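Working notes, beginning with the structure itself.
There are 2 protein chains.
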Amino acid sequence: MVVDTLTDEQVDLLFHALADATRRDIVKRAMTGEHSVSGLASGYAMSFAAVQKHVAVLERAGLVTKSRRGRERLVRTDIKTINQASELLDRFEELWRTRVNMMSELLAQDPGATP
Amino acid sequence: MVVDTLTDEQVDLLFHALADATRRDIVKRAMTGEHSVSGLASGYAMSFAAVQKHVAVLERAGLVTKSRRGRERLVRTDIKTINQASELLDRFEELWRTRVNMMSELLAQDPGATP
DNA sequence: CTAACGTACAACCATATGGTTGTAGATACG
DNA sequence: CGTATCTACAACCATATGGTTGTACGTTAG
Chain A
30 MVVDTLTDEQ VDLLFHALAD ATRRDIVKRA MTGEHSVSGL ASGYAMSFAA VQKHVAVLER
90 AGLVTKSRRG RERLVRTDIK TINQASELLD RFEELWRTRV NMMSELLAQD PGATP
Chain B
30 MVVDTLTDEQ VDLLFHALAD ATRRDIVKRA MTGEHSVSGL ASGYAMSFAA VQKHVAVLER
90 AGLVTKSRRG RERLVRTDIK TINQASELLD RFEELWRTRV NMMSELLAQD PGATP
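Residue numbers (the numbering used here), protein chains in the order written: chain A, 30 to 144; chain B, 30 to 144.
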C-alpha cells in the first residue's frame, strides 16, 4: 500500500500543517465528518478568520477537504493523507534498519579491519 | 510501546522540524551515525551557519543528538523520536477508526431514524 | 424583499523563520 | 608556539506565519 506520490514540497506542507496544535485539533474534530468552518471556529479562542486560515493550511496539505452544504462549507479529514505521513515516517525507520543491518554485515565480514 | 510523554509544544517542534527537506535529509544522513556538522554542511548549497541552524532545530525537536569528538560535534539521529512521531499519526488513524465504528453502531442500532 | 448568517478575502501588524556575514573560542596539527 | 579547522553565536535582512479587523458576496430564513 505504498503511495509515494508526494513531492518534497507536499511533504513540507503536510508536516507544516501538522506542526500546530490548533490544526491538529481541527483534524481530529473533522474526522467525525460534519463540521462547518464557523462551527469549528466556535471551539477556539481566536477569530473566525484565523480558523479559516488554519483550515486553508490543512486543505493545501491535503489533510482536509471542503464540500458545500447550502451556505456552509463542511470540513472533513482525509484519513489517507494522515496515512501517507505515517508511511513516510515508517520509511525513515525502515531506512534506519537497513543501514544498521548494512553496518552489521560490514563488521561481521571484516572483523579485524581496525586493529 | 506507547510513549505519550510529548507535550503539544514538543509535537509542534517535532513536526516543524520535519517540515523542511534539508532537515529531513540531514536526519537520513545522520542515521548512519557519524557526521560532523561541517561534514553535513558540505553536502548542501548553503552556508555552514545555515546548516548549523537546521541541526539546532532538529536537536530541539529531539530528532538528533550531538556528541563531542575532539573539535568536532558528531550528529546522529535518534530513531526513537521518529518512532514517537509515527505513533502520534497512528493514534490519529486509530481515533478515526474508533469514531467510524461508533457511527456505524449508531446507524445499526437505529436503522429507521431518518426515513 | 430584507435581514441575518456563513464564507471568502484583503489589508495590516508583530513575530518567527531561514538565510547571510562576521567574530570569537576550542581543539588539533606541524 | 603559531596556524588552520570546527564550532558557536550574534547581528542583520527578506520573507513567511499567525493573528487581527473590515469589507464584500452568496445563501437561507422570515
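For glycine and all other residues, C-beta sits at the position ideal for the given N, C-alpha and C. Every value quoted in this text rests on a predicted model; they were computed, and no experiment measured them.
(request) Give every residue of the same chain whose Cβ lies closer than 7 Å to the Cβ of S67(B), excluding the five residues on either side of it in the sequence, and list them in chain order. (result) Here the set comprises F77.
(request) Tell me L103(A)'s beta-bridge partners as DSSP assigns them. (result) S65(A) and S96(A)
(message) Is it the case that the stretch 113-123 of chain A contacts the stretch 75-89 of chain A, given that we only count it when at least three CB pairs across the two stretches are under 8 Å?
(response) no
(message) What would DSSP say about M60(B), mapped onto helix, strand or coil?
(response) helix
(message) Restricting to Cα atoms, I'd like to know which of R128(A), W125(A), R126(A) and S115(A) is closest to F44(A).
(response) The shortest CA-to-CA distance from F44(A) to any of R128(A), W125(A), R126(A) and S115(A) is the one to S115(A).
(message) Check this for me: beta carbons of T94(B) and M60(B), under 7 Å apart or not?
(response) no
(message) If you measure between the beta carbons of A90(B) and L35(B), is that distance less than 7 Å?
(response) no
(request) Using a Cβ-Cβ cut-off of 7 Å, state whether R128(A) counts as contacting chain B. (result) yes
(request) Determine whether the Cβ of A50(B) lies closer than 7 Å to any Cβ atom of chain A. (result) yes
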